[in-house]
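Residue numbers (the numbering used here), protein chains in the order written: chain A, 560 to 916; chain B, 7 to 236.
Working notes for the structure below.
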Amino acid sequence: MASKPRSSEIGERLLGAFLRAGAAEVTPDILQPAETLLDLYGEDIRARAYVTSDPLRGEMMLRPDFTVPVVEAHMAGGAEPARYCYMGEVFRRQDHRGAARANEYLQAGYEVFDREDPEAADAEVFALFARLLAHLRLTSTIGDIGILRAAVEGIDTIAPRKAALARHIWRPRRFHGLLQRYAGITPVPGGRAALLSAGAPEGAPWIGLRSPEEMAARIAVLRADAAAAPIPTEVVAQLDALFALSCPAEEAPARLSALGIAALPPAIARLERRLAAMAARGIDTSALRFEASHGRTTMEYYDGFVFTFTAADPALPPVASGGRYDALTRFLGQGREIPAVGGVIRPGLVADLEAQA
Amino acid sequence: MSAIKLGVPSKGRLMEKTFDWFAERGIRLRRTGSEREYAGAVDGVEKVELVLLSAGEIPRELAAGRIHLGVTGSDLVRDKLADWPTLVEELAPMGFGHADLIIAVPACWADVDTLEDLDAAAHAFRAAHGHRLRIATKYHRLVREFLTREGIADWQLVDSQGATEGTVKNLTAEAIADITSSGETLRANHLKILSDGLIHSSQATLFASRMADWAGLEAPRAALIAQLGV
C-alpha cells in the first residue's frame with residue numbers, strides 16, 4: 560500500500576489536471592446528513608457507510624462518496640454549464656477482510672453538468688481520465704445503462720411489467736426472475752392463482768399501515784398481469800443476448816443493431832455519437848471493451864454511459880470509474896434536473912501501480 | 007498449564023441440552039460451587055476447561071480468541087460476526103435449539119405470499135407513504151444480506167430487540183424478520199411467513215475459534231475431536 564503522503568501527492572496532481580481542464584474545486588463536508596443518502600440508496604448504504612449521530616443534526620454519515628454532495632451543491636444554485644472537481648477521503652465499511660478493501664481512501668473526481676451535448680460530455684470525462692492514466696496501461700471498459708433501459712421500454716407488453724423490469728435493471732437476479740415470469744417460463748405461484756380466482760379470503764384482522772385499498776390496487780395489477788399475453792420467448796432471448804453482449808467498443812453499434820431489437824436504434828445512435836466524440840479526442844475505440852451489463856451491479860444512480868479503468872490484478876478494485884447520472888440530479892433537484900456525468904480516480908491505487916512500474 | 011477453553015451457555019435448556027450432548031459422547035460437563043456460581047468442570051477428557059457464558063456473547067468471545075471452542079446458535083454467529091468463516095470453524099451441528107429466521111407479513115395481506123410479492127408491495131408502499139417498507143428485526147446483517155442477494159428493493163430495517171411480532175400492529179413496522187420455532191407467536195399476532203422467506207435454519211452448533219492461540223493444544227484438540235466423533 561502506498562504511503563499517505565505519496566497518495567496525497569498524486570491526488571493533488573490529478574486535482575491540478577482537473578482544474579486545468581476548467582473545473583472549479585468543491586470541498587464538501589466529511590460529515591453528511593444520513594437521511595438523503597439513506598433515502599437514495601436504502602439499506603445498501605447503511606451496510607457500507609459509517610453512520611454516526613450528532614445531538615443537533617441527527618444521524619450523520621462519514622462521506623461515502625462525493626457525487627451526492629456535489630450534485631446537491633450544484634442543484635442549490637450552480638450556474639450552467641458547470642465543471643467541478645474535488646479530492647479527499649471517502650469512508651467505506653467493509654464486511655469482508657482483504658488488502659484491497661480499504662476503509663478510507665482518497666478519491667479525486669471530475670463532474671460535468673451540461674445539457675448541450677451529453678455524448679460530448681461523456682467523451683470529455685473519459686478522454687481526460689484516459690490521458691491521466693495512460694502511463695499505467697489499464698484495461699478500460701464501457702457500457703451504457705441507457706441502452707438497457709431503452710430495450711426494456713421497447714418491450715411490447717403492459718406498462719406495469721416494463722416499470723417493474725426497469726426498476727430492477729440494477730438487480731440482475733430479480734430482473735431475470737421477473738422476465739421469466741412475464742414470459743410464462745416460470746409458473747405463477749400457486750397462492751396467486753387461488754387469490755385471483757377466489758379473491759382475498761376473509762378472516763385475518765387488518766393490521767399495519769398498509770391499507771386494504773393498497774392491497775386491492777395490487778390485486779388489480781395482478782389481474783391485469785394475468786390477463787396480459789406473455790412476453791414472447793424470442794424477446795426474452797433477444798434481451799438475454801443484449802445483456803450478455805461483450806465486444807470491442809468499435810464493433811458494439813453493429814453488434815447491437817444485429818440483435819434486431821426494434822426500440823434500440825436511437826440509443827445505438829447515441830452510442831455511435833459518443834464513440835465518435837471519443838475517437839475525436841484520440842481514444843482508440845478498438846482497444847476499448849464494451850460490455851452491455853457493465854455497471855449493473857454497482858451504484859444504482861448510473862443510468863447512461865458507464866466506464867471503469869482496471870489494473871491487471873483482478874483482486875484490485877477499479878482504479879477509476881464513473882458514468883452518467885441524470886436521474887440522480889432529478890431526485891436531488893426537487894423538480895429540476897440537468898444531465899450530468901463524472902467519475903473518480905483513486906490516487907492510492909495509482910500510487911501502488913506507479914511504484915510497481 | 008494451558009487448556010482448551012470451552013464456552014457453553016450458562017443457563018436454561020440450551021445449557022442442559024449441551025451438557026447432554028457432551029455426556030452422550032463420554033464427556034461430563036458440570037457446574038460446580040453453589041447454584042448461582044458460574045463455575046464448571048469437565049470430566050472424561052484432558053486439558054479442557056469449561057467457561058459458562060451468555061449464549062449471545064459466545065460469538066464475540068470466539069472471534070476475540072478468548073475461548074477456543076464455543077456452543078451457540080448458528081444464527082448468532084452469522085449475524086454478529088462479519089466474515090464469520092474467517093473467524094470461526096463450524097465443527098458440528100448439535101441437533102437441538104432449532105429455530106428458523108423468517109420474514110413474516112400481516113396475515114391479512116392476501117396478495118403477498120412470496121418475496122416477489124413483498125418487493126412489489128414495498129414499491130407501491132413507498133410511493134403511497136413516502137418512506138420505504140419497514141422490516142423490524144434484531145438480525146440486521148442476516149436480513150440485509152438475504153434481501154440484497156434476493157434483489158428486493160424499497161425496504162428498510164428498523165431495530166427491534168424484543169416483542170418484534172407486535173411492531174406491525176403498533177405501526178412501527180410493516181413486516182418482521184425474526185426467529186420462530188412453532189409459529190405460535192406469529193399466528194397470535196396475525197402474521198404469516200412468506201413461502202420463500204426462510205433466511206436461515208438455525209441450531210445449536212459447536213464452533214472452533216480460528217483466532218484463539220492453539221499452540222501446545224494440538225494434541226488435546228485432536229483427542230477431544232476424536233472423543234466427540236465430529
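Backbone N, C-alpha and C fix where the C-beta goes; we use that ideal spot for every residue, glycine too.
Predicted, not measured: the structure shown is a model, and the values here were computed from it.
Helix, strand or coil for residue i per DSSP?
i              : result
residue 719(A) : helix
residue 874(A) : coil
residue 812(A) : helix
residue 202(B) : strand
residue 869(A) : strand
residue 44(B)  : coil
residue 774(A) : helix
residue 11(B)  : strand
residue 883(A) : strand
residue 37(B)  : strand
residue 154(B) : helix
residue 619(A) : strand
residue 56(B)  : strand
residue 907(A) : helix
residue 106(B) : strand
residue 734(A) : helix
residue 91(B)  : helix
residue 760(A) : coil
residue 825(A) : helix
If the cut is a Cβ gap below 8 Å, which residues of chain A does residue i touch?
i              : result
residue 244(B) : Any question about residue 244(B) goes unanswered here, given that chain B covers just 7 to 236.
residue 144(B) : Near residue 144(B) there are no residues of chain A at all, since even the closest Cβ is about 15 Å away, more than 8 Å.
residue 276(B) : Since the displayed chain B opens at 7 and closes at 236, residue 276(B) lies outside it and no answer follows.
residue 201(B) : 748, 750
Using a threshold of 8 Å, state whether the C-beta atoms of residue i and residue j are closer than that.
i              : j              : result
residue 164(B) : residue 178(B) : yes
residue 682(A) : residue 871(A) : no
residue 101(B) : residue 82(B)  : no
residue 851(A) : residue 798(A) : no
residue 900(A) : residue 723(A) : no
residue 677(A) : residue 629(A) : no
residue 878(A) : residue 695(A) : yes
residue 768(A) : residue 808(A) : no
residue 718(A) : residue 840(A) : no
residue 700(A) : residue 866(A) : yes
residue 897(A) : residue 672(A) : yes
residue 504(A) : residue 623(A) : Residue 504(A) lies beyond the stretch modelled for chain A, which goes from 560 to 916, so this question has no answer here.
residue 584(A) : residue 640(A) : no
residue 32(B)  : residue 38(B)  : no
Just to make sure I have the definition right: I need the residues of chain B whose C-beta is within less than 8 Å of the C-beta of residue i. Which are they?
i              : result
residue 799(A) : Simply none; closest approach about 17 Å.
residue 764(A) : 114, 196
residue 876(A) : Ordered by position in chain B, no residue passes the 8 Å Cβ test against residue 876(A), which lies about 17 Å from the chain.
residue 623(A) : None at all; the shortest Cβ gap to chain B is about 16 Å.
Closer than 7 Å by beta-carbon distance: list the chain A residues that pair up with residue i, in chain order.
i              : result
residue 206(B) : What residue 206(B) touches in chain A: nothing, since even the nearest Cβ is about 16 Å away.
residue 86(B)  : In chain order: nothing, as chain A lies at least about 12 Å away.
Below 8 Å on the Cβ atoms is my contact criterion, and I expect residue i with residue j to pass it. Report the Cβ-Cβ distance as a whole number of Å.
i              : j              : result
residue 93(B)  : residue 217(B) : 6 Å
residue 862(A) : residue 708(A) : 7 Å
residue 766(A) : residue 716(A) : So it is not a contact: roughly 35 Å between Cβ atoms.
residue 725(A) : residue 711(A) : 5 Å
residue 917(A) : residue 864(A) : Only positions 560 to 916 of chain A appear in this structure, which leaves residue 917(A) out of reach.
residue 120(B) : residue 200(B) : 6 Å
residue 773(A) : residue 130(B) : 6 Å
residue 170(B) : residue 142(B) : 5 Å
residue 197(B) : residue 110(B) : 4 Å
residue 205(B) : residue 148(B) : 6 Å
residue 20(B)  : residue 210(B) : 6 Å
residue 48(B)  : residue 229(B) : Wrong, their Cβ atoms sit about 12 Å apart, outside the cutoff.
residue 642(A) : residue 561(A) : That pair is no contact at about 28 Å.
Using a Cβ-Cβ cut-off of 8 Å, state whether residue i counts as contacting chain E.
i              : result
residue 654(A) : Here chain E cannot be found, since the structure's protein chains are A and B.
Since residue i meets chain A, which of its residues come closer than 9 Å, beta carbon to beta carbon?
i              : result
residue 131(B) : 768, 769, 773
residue 90(B)  : Correct list: empty, because the minimum Cβ distance to chain A is about 10 Å.
residue 138(B) : 597, 598, 601, 602
Find the residues of chain B that neighbour residue i, judging by a C-beta separation of less than 9 Å, and give them in chain order.
i              : result
residue 603(A) : 150, 154
residue 727(A) : 125, 157, 159
residue 786(A) : Within 9 Å Cβ-Cβ: nothing; residue 786(A) doesn't reach chain B, min ~16 Å.
residue 789(A) : Simply none; closest approach about 16 Å.
residue 530(A) : No answer is possible for residue 530(A): the residues shown for chain A start at 560 and end at 916.
Starting from the beta carbon of residue i, find every residue of chain B whose beta carbon is closer than 7 Å, and list them in chain order.
i              : result
residue 754(A) : 116, 117
- Query: Does the count of Cβ pairs from the segment 656-669 of chain A and the segment 801-820 of chain A closer than 8 Å reach three?
  - Reply: no
- Would you say the segment 9-16 of chain B touches the segment 647-654 of chain A, given that touching needs at least three Cβ pairs under 8 Å? no
- Task: State whether the segment 134-145 of chain B contacts the segment 159-175 of chain B, with contact taken as three or more CB pairs (one from each stretch) at a distance under 8 Å.
- Result: yes
- Query: Are at least three pairs of beta-carbons, each pair with one atom in the segment 900-910 of chain A and one in the segment 188-195 of chain B, less than 8 Å apart?
  - Reply: no
- Taking three-plus beta-carbon pairs below 8 Å as touching, is the segment 584-592 of chain A in contact with the segment 603-621 of chain A? By the Cβ criterion, the segment 584-592 of chain A is in contact with the segment 603-621 of chain A, since at least three pairs of Cβ atoms, one from each stretch, lie closer than 8 Å.
- Message: Would you call the segment 211-229 of chain B in contact with the segment 109-118 of chain B, where contact means no fewer than 3 C-beta pairs closer than 8 Å?
- Response: no
- Message: Tell me whether the segment 748-760 of chain A and the segment 776-795 of chain A touch, counting them as touching only if at least three CB pairs, one residue from each stretch, are closer than 8 Å.
- Response: With a cut-off of 8 Å on Cβ pairs, the segment 748-760 of chain A is in contact with the segment 776-795 of chain A, counting three or more such pairs.
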